[in-house]
Each structure stands twice: as C-alpha cells, then as structure tokens.
Amino acid sequence: MYRQARYDEPLLNEMHSTEKKDIDANVPTILKRENLELPNIPEYEVVRHYTRLSQMNYAVDINTYPLGSCTMKYNPKLNEEIARMFLYLHPYQDESTVQGALQIMYELQEMLKEITDMDAFTLQPAAGAHGEFTGMLLVRAYHEFREELEKRRNVLVPDSAHGTNPASAAMAGFNVIEIPSNKEGMVDIDALEAATDESTAAFMITNPNTLGIFEEDILEIAHIMHKNGALLYYDGANLNAIMGITSPGKMNFDIVHLNLHKTFSAPHGGGGPGSGPVGVRGDLVDFLPVPIVNYDGEKYFLDYNVKHSIGKVRSFYGNFGVLVKAWAYIKRLGGEGLKNAAIRAVVNSNYLKERIKEHYELPYKELRKHEFVVKPKNATALDVAKRLLDFGVHAPTIYFPLIVHEALMIEPTETESKENLDRFADIMIKIAKEADEAPEILHEAPHNTSIRRVDDVLANRKPVLTWKMYMEMKEKGEIDY
Amino acid sequence: MIPEDLKYTKTHEWVKVEGNKAKVGITYHAQEQLHDIVYVELPNVGDEIAKGDNLGVVESVKAASDIYAPISGKVVAVNEEVVNSPELLNQDPYKNWLVEMEIAEPSELDELLSAEEYKKIVEEES
Numbered sequence: 107m108y109r110q111a112r113y114d115e116p117l118l119n120e121m122h123s124t125e126k127k128d129i130d131a132n133v134p135t136i137l138k139r140e141n142l143e144l145p146n147i148p149e150y151e152v153v154r155h156y157t158r159l160s161q162m163n164y165a166v167d168i169n170t171y172p173l174g175s176c177t178m179k180y181n182p183k184l185n186e187e188i189a190r191m192f193l194y195l196h197p198y199q200d201e202s203t204v205q206g207a208l209q210i211m212y213e214l215q216e217m218l219k220e221i222t223d224m225d226a227f228t229l230q231p232a233a234g235a236h237g238e239f240t241g242m243l244l245v246r247a248y249h250e251f252r253e254e255l256e257k258r259r260n261v262l263v264p265d266s267a268h269g270t271n272p273a274s275a276a277m278a279g280f281n282v283i284e285i286p287s288n289k290e291g292m293v294d295i296d297a298l299e300a301a302t303d304e305s306t307a308a309f310m311i312t313n314p315n316t317l318g319i320f321e322e323d324i325l326e327i328a329h330i331m332h333k334n335g336a337l338l339y340y341d342g343a344n345l346n347a348i349m350g351i352t353s354p355g356k357m358n359f360d361i362v363h364l365n366l367h368k369t370f371s372a373p374h375g376g377g378g379p380g381s382g383p384v385g386v387r388g389d390l391v392d393f394l395p396v397p398i399v400n401y402d403g404e405k406y407f408l409d410y411n412v413k414h415s416i417g418k419v420r421s422f423y424g425n426f427g428v429l430v431k432a433w434a435y436i437k438r439l440g441g442e443g444l445k446n447a448a449i450r451a452v453v454n455s456n457y458l459k460e461r462i463k464e465h466y467e468l469p470y471k472e473l474r475k476h477e478f479v480v481k482p483k484n485a486t487a488l489d490v491a492k493r494l495l496d497f498g499v500h501a502p503t504i505y506f507p508l509i510v511h512e513a514l515m516i517e518p519t520e521t522e523s524k525e526n527l528d529r530f531a532d533i534m535i536k537i538a539k540e541a542d543e544a545p546e547i548l549h550e551a552p553h554n555t556s557i558r559r560v561d562d563v564l565a566n567r568k569p570v571l572t573w574k575m576y577m578e579m580k581e582k583g584e585i586d587y
Numbered sequence: 704m705i706p707e708d709l710k711y712t713k714t715h716e717w718v719k720v721e722g723n724k725a726k727v728g729i730t731y732h733a734q735e736q737l738h739d740i741v742y743v744e745l746p747n748v749g750d751e752i753a754k755g756d757n758l759g760v761v762e763s764v765k766a767a768s769d770i771y772a773p774i775s776g777k778v779v780a781v782n783e784e785v786v787n788s789p790e791l792l793n794q795d796p797y798k799n800w801l802v803e804m805e806i807a808e809p810s811e812l813d814e815l816l817s818a819e820e821y822k823k824i825v826e827e828e829s
C-alpha cells in the first residue's frame, strides 16, 4: 500500500525567525541588507523544507502518471545534463560566441520540420496554448494579407476539442463555432460542411482526437477547409500517437503547434516551463514570428528578415532549456526510435483498455491510439480518480472530453512496462469492485496521501490565492480554516 | 423535476413567460450534470441578444457551460443573487432565474419544448 509523507509543514514566511542563526553569524555585518523582506532562515532549513515538501508531492519519477492528453512520459536525466551545459549563456551575448546554442535551435527547427512535414518553424512560443495563440495570430495575418479578415470571423472547433482551442481562437478575436461529433466519436462531416463557408477562418483539430480516436476523414476535412479558403490547424498535443507513422503535413494541415514538454520528453506540470513551437507551410512561412534561426553555410544567426512577420511573441528566444532537452531526446531516439515510441504508446494504451474494458464503460469505437476514455459503471469519475491516489497512481484526466459524462481519460505513454500496466489495470479493476461492494471507501478517498480530499467547491467559490489574502480573510471571519 | 408550466430548450434552459417578458434559467437536469456550480456570468441589462446566442456562462468544478438565449430580445433584468451565490442554482434551479428578457418575437415561443418533450430529451441523454 502506498503511503505519502505527512508533515505539518509551515510556509517559509511562517518559519521566519528574528533569532540570530549561526549561518548568519558568518556573514560580515557590512554585507547584510536590512531592507529586503526575506524570511530569515538558514540555507539548511530551506533545503529541508523543500525536501519535505517533495516527499508530500507526486511526480513522473515516483510512479505511473496516466494523465490523458498530457503525455506524461519519463523525462530522461541525460536531457537535464545536456541542458545544464548552457546554464551560463546570456541572451545578449554576441552571436559568434553562441554558435553551438544557435546550431541546436537550427537543428531542432529542421528536425521538427521533418517530423511534421511543415516548411518552417518558430521556436518562440512558451507552451502549448501560447503556440495555439501564435497559430491563430498567423491565421489572422494570413487572411488580413489577402484582405479577407473582415469576412472570415469564425474559427471552428470540434466538441471534443481541448479547452485551449476555443480560448486561443477567442483571444485572437475570432468567433468560435462548435462542431458536433458523430456516433463514432469523430467530427461529423456533414455538420462541418454545413458550418464552413467564406466566413470560416480556420478549423482547429487534434488528431487523434481527445477520445484517442484517429479522425479517419482528415483528408476530407482538409479538403472542405481549403475549398472554402479556410486554414486547417493541428493541435499537436496528441502527436505522440503518430510520430514517424504519419504527419500533420501528410494530412494537409497548414499550421501545427507541438508541445516539446509532452511529445519530446521535457518535464512539465510544475516540473518546468513548456515550449510550443509552431510550424507552417506554404505562404504562411512569410508570417512567422521573428527571429528564426538560420544558417548561411558558415555560421548560424538570428534571422529577423521575415517578410510579413507578426512580430515577436516572446522575450528573447523562447524557453531555450526546453529546446535543448527536446533536441537531445530526438537526437538520441532518431527517426526509428521516435516511431517505436509512438507504436509503443499506442500499444500500451490499447493493452490497458482491453484489460479494463469489461469493468468500465467504453463509449464510441473500440480501437484507440495513445489514449482512451472510459467511464465508471457504478461510481463518479471523481471518486475513482481520488481512490487511485491511494494506490500511488496519479489520477487520469477527469470530466474531459466534455462529450463523455464522467469521463476518465487515460494515457499511459510508452514509458510504462507491461508489469506497470498490469499493476495499474489491477488497481482499476479493484476500484470498480469496491464501487459495487464498498462505495464509501471511494467517497472518502484518498486515505493515504498527505492531504485528504480537498473541498474543491469551497476553493472555487472562495478562492484564497495568497498567504496575505488567507490571513486577511481569516481575520474577517470569512473562512474558518 | 420538470415543471409543467415552463417551456424548455434542448440545451437545458427553461423559460417562464410573464406577459411580454420571459424569465430564463437552467433546468434541474443541467445543474445535476454540472455538479456544484461555482461561478455564474450574466449579460448586461440592455443587451440585445438573438435566439441561440450566448446569454452567459455557468461554471462548476467539473466544467464551464454556455447558456444560450432561448428567445430573442432585450435583457431587462439579471439576477445578481445567483452571481453572488452560485450554489442557489443547485438548491433550486427553477426559483433562481438568471435573466429576464423582453420577448421580441412571440412566435419564437412556439418553437420551445413542452415539459413532456423536454422530458424525453433528458431520458435519451441519460
């Protein structure tokens, strides 16, 4: 049975002490600053504090992390080693002194082009949603250049879309129109055709979709967009299912964002910043953000010469450390390795689905790609998710996609061995049985974690966002904890 | 849980006609599907809204869901109470209306669902 550490750990500012600590005693008075409101805590106490917090935490390095559409694969430590080599670069350094760093960026652009069959990439966006927003700005710029922006006001998204898709389109000033799914869990082509006309700017879609189902009609979808003068946007969150097998370019997409922190193994989810490069093809190349990294045959350089660039979307050159990690991952696996990772991710997902499908409902089609969606037969998704924590497994994504009520969206990734998948399946089956025989165990879960079930309703209705806010609300009697 | 004297939409809004005005809210089924509602966003008084357009948003810990205007018309009142205490929608979704609209096209009322028709839709969904 899994047991998580449980400390009554104070916040750092609650640990503040006016008493002189021996560490302090070694610092000459002349070097001490009195004007900083930093807690007075010796280094070793800070280290212990964070070590204890880490023991109350959960991570990819602890156990299975089947969070759907997040691709929580293992983050190879070699990536960290390589990224660390660049720790002391400064963004204002002269290009001639950072040729190695620029070479890595250039090579990464080239490799991402090959993987996606796009013509050019920007590495600037800081994460997936930022990539989507950049992509939507490119859609705007493209239609504006063709003097069609005024009539092309609508961006279409499937009802199974990641929530960031409609948000990004709306942020870029478009109206969002939702396209329903058909009985097989794919885009309803007739509804799409009916909704598409010269008011359509783009269709945003992820393939395979959030149900883990490959959109078989993708070429037809691309055709419907292109014959109406609209663009097709690929949300790369689920690229892990198709790397080396097919590509957004082969499916006739115009714009692609990737999540280097998902597909290409850089850490995320509190473990590090993301990176959401955007690739385009055809005329769209002329609109990319600057700078692009280029090579003139002798040296690598930052190229600000993009004809109709939408400008900069990020300070300096994107999240460079993440770029290095993705570069290292791709270099180490090579084309064959990436393809094997995709195949393994799909096999793992289907193996797990087969093992649990008698105990959970599986809506829509049988065959899935890298992830699948089930719903509990006799419990809420929330209860199952909370109970999983008791067994040392991170909960899958729940209540998403919205078209499946009580959805559990499971993505094991290629990381997990058959033994781990079997262990996870056994736990899922055990929880399904508990739901029938002793449902109160589920209602009260988690039992073994640092923090028991959080009152998420209260947290949403009365959000306490900072320690200061907490102290003030407590004083006013607005909260009683 | 589906009062006979109200009219309904496929998207789980209810409409209560009062003279040339109508109150709009979300149904029992809607709040049940959403679980605990934590946030409500409503239009401004005076907004002209066409049938089918976005009338507001309700959010639960599970999901955010758009509310669609069942009829066209001007917003004449919004229920600030539910904005301040979203849990009212879980407690009594029929008493706690969201928006009051002027009925611009009385013929649109005929397109709304009866309690019986709406009941069928809820049954099909579950």
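Quick note, the sequences are listed as chains A and B, same order.
In this text, residue positions in the first sequence follow the numbering used here: the first is 107, and each later residue adds one.
In this text, residue positions in the second sequence follow the numbering used here: the first is 704, and each later residue adds one.
Don't be surprised by glycine CBs; every beta carbon is placed ideally from N, CA and C.
Short CB-CB distance (under 9 Å) between residue i and chain A
i, result
"B:Ala-767", "yes"
"B:Glu-826", "no"
"B:Pro-663", "One cannot answer for residue 663 of chain B here, as it falls past the ends of chain B, which runs 704 to 829."
Minimum C-alpha distance to residue i - residue among the options
i, options, result
"A:Tyr-401", "A:Leu-118, A:Ser-415, A:Gly-174 and A:Leu-214", "A:Leu-214"
"A:Ala-207", "A:Val-452, A:Tyr-156, A:Val-153 and A:Lys-405", "A:Lys-405"
"B:Ile-774", "B:Glu-744, B:Glu-820 and B:Trp-717", "B:Trp-717"
"A:Phe-227", "A:Ala-235, A:Ala-233, A:Leu-218 and A:Asn-346", "A:Leu-218"
"B:Ala-725", "B:Val-802, B:Pro-746 and B:Tyr-797", "B:Val-802"
"A:Arg-154", "A:Thr-135, A:Met-575, A:Ile-168 and A:Leu-117", "A:Leu-117"
"A:Phe-530", "A:His-414, A:Glu-517 and A:Ala-541", "A:Glu-517"
"A:Asp-496", "A:Glu-520, A:His-549, A:Pro-482 and A:Thr-503", "A:His-549"
"B:Ile-770", "B:Lys-713, B:Pro-706 and B:Glu-828", "B:Lys-713"
"A:Glu-472", "A:Thr-486, A:Ala-491 and A:Val-452", "A:Val-452"
"A:Glu-284", "B:Gly-755, B:Glu-721 and B:Asp-708", "B:Gly-755"
"A:Met-121", "A:Gln-110, A:Thr-135, A:Tyr-108 and A:Tyr-150", "A:Tyr-150"
"A:Asn-526", "A:His-500, A:Ala-551 and A:Pro-545", "A:His-500"
"B:Gln-734", "B:Ser-768, B:Glu-814 and B:Asn-723", "B:Ser-768"
"A:Gly-403", "A:His-511, A:Asn-454 and A:Gln-205", "A:Gln-205"
"B:Met-804", "B:Lys-719, B:Asp-708, B:Ile-705 and B:Val-786", "B:Lys-719"
"A:Leu-390", "A:Leu-366, A:Thr-503, A:Ala-247 and A:Ala-343", "A:Ala-247"
"B:Asn-723", "B:Val-779, B:Val-761, B:Lys-765 and B:Val-741", "B:Val-779"
"A:Asp-303", "A:Asp-323, A:Thr-316 and A:Asn-260", "A:Asn-260"
"A:Glu-250", "A:Gly-279, A:Gly-237 and A:Val-399", "A:Gly-279"
"B:Leu-758", "B:Pro-746, B:Lys-765 and B:Val-764", "B:Pro-746"
"A:Leu-243", "A:Val-490, A:Ile-416, A:Lys-459 and A:Gly-318", "A:Ile-416"
9 Å Cβ cutoff, residue i in contact with chain B
i, result
"A:His-511", "yes"
"A:Tyr-576", "no"
"A:Gly-279", "no"
"A:Gly-269", "yes"
Residue i, enclosing beta strand (DSSP E) - first and last residue
i, result
"A:Tyr-406", "406-409"
"A:His-363", "361-363"
"A:Thr-306", "306-311"
"A:Asn-400", "398-401"
"A:Met-515", "514-516"
"A:Lys-593", "Nothing about residue 593 of chain A can be read from this structure; chain A reaches only from 107 to 587."
"B:Asp-750", "Where B:Asp-750 is concerned, there is no enclosing beta strand (DSSP E), given that its DSSP letter is neither H nor E."
Any non-hydrogen atom of the ligand FMN within 8 Å of residue i CB
i, result
"A:Glu-546", "No copy of the ligand FMN appears in this structure; indeed no ligand is present at all."
Range of the contiguous alpha helix (DSSP H) that encloses residue i
i, result
"A:Trp-433", "426-462"
"A:Ser-274", "270-277"
"B:Glu-735", "731-737"
"A:Lys-574", "573-581"
"A:Thr-222", "205-222"
"A:Met-242", "234-251"
"A:Thr-157", "149-161"
"A:Ala-328", "324-333"
"A:Glu-520", "First-last for A:Glu-520: undefined, no H or E at that position."
Neighbour list for residue i in chain B, Cβ cutoff strictly below 7 Å
i, result
"A:Val-261", "Residues of chain B passing the Cβ test: none, with the nearest at roughly 15 Å."
Neighbour list for residue i in chain A, Cβ cutoff strictly below 7 Å
i, result
"B:Val-764", "Asp-562, Val-563 and Asn-566"
Q: Note down, in chain order, all residues in the stretch 730-747 of chain B with a beta-carbon under 8 Å from any beta-carbon belonging to chain A.
A: From the stretch 730-747 of chain B, only Gln-736, Asp-739, Val-741 and Tyr-742 have a Cβ closer than 8 Å to chain A.
Q) Which residues, in chain order, does the stretch 499-533 of chain A contribute to contact with chain B at a C-beta distance below 9 Å? A) Of all residues in the stretch 499-533 of chain A, Ile-504, Tyr-505, Phe-506, Leu-508 and His-511 have a Cβ within less than 9 Å of some Cβ in chain B.
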